[in-house]
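As numbered in mature numbering (1 follows the signal peptide of the UniProt record, and there is no 0), residues -22 to -1, 1 to 111 make up the sequence shown, in order.
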Amino acid sequence: MTKASRKFMLFLLAALPAAAMAQTQPSRPAAATPPPKPKVYTPVPNASQQWQRQADQQRLINRQNQNAVQEQNRQNTMNQQRNAATDPNLQNQLDNADRAQQQQYRARQDAAAQRYQDQQNQQNARPATGSTR
């Protein structure tokens, strides 16, 4: 290979990538604009509905607090019984009973919260009873 051919090859190696990058890419058509979102009418709760919602929420909180106190008392009693038990089989039974009662307590709390949430969703889904212009 001669010097001239070597220079020519080096020039080609350097020029080809530059020439490829210099080419313009074909333009893409502009993306279509999405259709506008429909406006949803959400009724504003009146004062009595707001008061009822707050009363329901407070009732739920009170019920949960009462259940929590009862659960704490139950756990304290269970701990006293377990500490007084000397038989390993009895301790095992008490542990199993404690676990089962804790699961029931959690299920009751979850069910109460779910009922409240469902009730709120139903109230929000009711159509407004007023004139709209």
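C-beta atoms are modelled at their ideal positions from N, C-alpha and C, and glycine is treated no differently.
Between the C-alpha atoms of ASN40 and ARG93 there is a straight-line separation of about 15 Å. Looking only at LEU(-7), GLN42, PRO21 and ASN70, the smallest Cα-Cα distance to ARG84 is reached by GLN42.
Per DSSP, the unbroken alpha helix (DSSP H) holding ALA103 starts and ends at 66 to 103. According to the DSSP assignment, VAL22 belongs to no alpha helix (DSSP H), since it is labelled neither H nor E. Separation of the CB atoms of ASN45 and GLN101 is rounded to 24 Å, and the pair is thereby denied contact status at 8 Å. Beyond the five residues adjoining it in sequence on each side, LYS15 comes within less than 6 Å, by CB distance, of no other residue in the same chain. Rounded to whole angstroms, the gap between the alpha carbons of LEU(-13) and PRO7 is 39 Å.
Here PRO23 is near ARG31, since their CB atoms are less than 9 Å apart. At a Cβ-Cβ threshold of 9 Å, LEU72 and GLN53 do not count as neighbours. In the displayed model, LYS15 falls within coil according to three-state DSSP, outside both helix and strand. Contact between ALA90 and LEU38 holds, with the beta-carbon distance rounding to 6 Å and staying under 8 Å.
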